[in-house]
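This is the structure in structure tokens:
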């Protein structure tokens, strides 16, 4: 359905405001995303889009398939609301300059959905900046990763800021949330007991690890990125250490380190583009 929205008291507008908070995203299983590029990414990935709020003069800029479904009689089509710039800014976490805001079902993944022994993945443990988390997911997609796993203390990878940083990567890559280090180790023990391939676990450490350029990565590997200030915790004492050499002082944040590691993890694999 395509309908006109007169002001801030509309249900879709109020829902968008609520979904700016993690509590409401978790309760409803919905995320809030902003921008035409992210909307196209969600449509291309067959995301379960619920509500779309678009500025009145940009209605025809929406993806054609989404508009066609909204104009039809399907009960599963996204609900498209046309509104003025002021109402859209109120619904947006950005507060201005946005062309479209939409809600979408959060993709639901578990560790059991990922073939951990046959791909590489990143475990983000405690990174507090959602922009960094989104960038790590985007880099994992770019370099052929199989999943990104987030601990309970990690910033929500489905927050509006993380979605912007990920540029839609959350719609195409398994992102598993609320996995503690203990949960991961338990899963790896289960894989071993079942005779399944078990990935190696490496932890990114600024000092004393193996030079990332010299690591011969196995088919299945999980690299852990810890919180920037405190680094990897005691839960990872049995893991190998990998270090990105730096000149001068430690200057890589989680997003930068994650991108370099993703490049190294992806390089040389079968899916790597020829000549790159």
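In the working numbering, the protein residues as written are 372 to 647. Beta carbons are placed, not taken as given, at the ideal position from N, Cα and C, and that holds for glycine.
Whose C-beta lies closer than 6 Å to the C-beta of residue i among residues of the same chain, with five residues either side of it excluded?
i           : result
residue 451 : 373, 423, 441
residue 635 : 583
residue 509 : 537, 538, 540
residue 606 : 552
residue 418 : 475, 542
residue 524 : 497
Look up residue i in the DSSP assignment and say whether it is helix, strand or coil.
i           : result
residue 586 : coil
residue 421 : strand
residue 447 : coil
residue 409 : helix
residue 373 : strand
residue 477 : coil
residue 508 : helix
residue 384 : helix
Note down, in chain order, each residue of its chain lying with its Cβ closer than 8 Å to the Cβ of residue i, except the 5 sequence neighbours on either side.
i           : result
residue 646 : Confidence in residue 646 is poor, its pLDDT being 49 and thus under 50, which makes the residue's placement unreliable; the coordinate value appears in the next sentence. Result list for residue 646: empty, nothing under 8 Å.
residue 507 : 493, 495, 498, 519, 596, 625, 626, 629, 630, 633
Just the Cα atoms here: how many angstroms apart are residue i and residue j?
i           : j           : result
residue 568 : residue 468 : 48 Å
residue 500 : residue 522 : 13 Å
residue 407 : residue 413 : 10 Å
residue 574 : residue 540 : 23 Å
residue 633 : residue 514 : 6 Å
residue 589 : residue 571 : 7 Å
residue 638 : residue 490 : 13 Å
residue 376 : residue 455 : 8 Å
residue 562 : residue 577 : 30 Å
residue 587 : residue 534 : 32 Å
residue 560 : residue 617 : 35 Å
residue 401 : residue 421 : 9 Å
residue 437 : residue 464 : 23 Å
residue 409 : residue 416 : 11 Å
residue 615 : residue 608 : 19 Å
residue 449 : residue 439 : 10 Å
residue 604 : residue 485 : 24 Å
Give me the residue from the options with the minimum Cα distance to residue i.
i           : options            : result
residue 477 : 562, 456, 548      : 548
residue 385 : 462, 600, 545      : 462
residue 599 : 618, 387, 622      : 622
residue 466 : 586, 405, 380      : 405
residue 565 : 379, 483, 439, 550 : 483
residue 432 : 546, 453, 448, 443 : 453
residue 649 : 381, 531, 545      : The structure shown does not extend to residue 649, since the chain is modelled only from 372 through 647, so no value can be given for it.
Hey, would you say residue i sits closer than 7 Å to residue j, going by beta carbons?
i           : j           : result
residue 591 : residue 487 : yes
residue 495 : residue 504 : yes
residue 393 : residue 527 : yes
residue 580 : residue 558 : no
residue 434 : residue 397 : no
Spatial neighbours of residue i within its chain, please: C-beta separation below 7 Å, excluding the five flanking residues on both sides.
i           : result
residue 640 : 515
residue 459 : 424, 426, 469, 472
residue 365 : Outside the shown range of the chain (372 to 647) lies residue 365, about which nothing can therefore be said.
residue 379 : 458, 461
residue 610 : 572, 573, 574, 595
From the beta carbon of residue i, is the nearest beta carbon of chain B less than 7 Å away?
i           : result
residue 394 : Note that chain B does not occur in the displayed structure, where there is just one protein chain.
Closer than 6 Å to a non-hydrogen atom of the ligand ATP - does that hold for the CB of residue i?
i           : result
residue 525 : The ligand ATP is absent from the structure shown, which contains no ligands of any kind.
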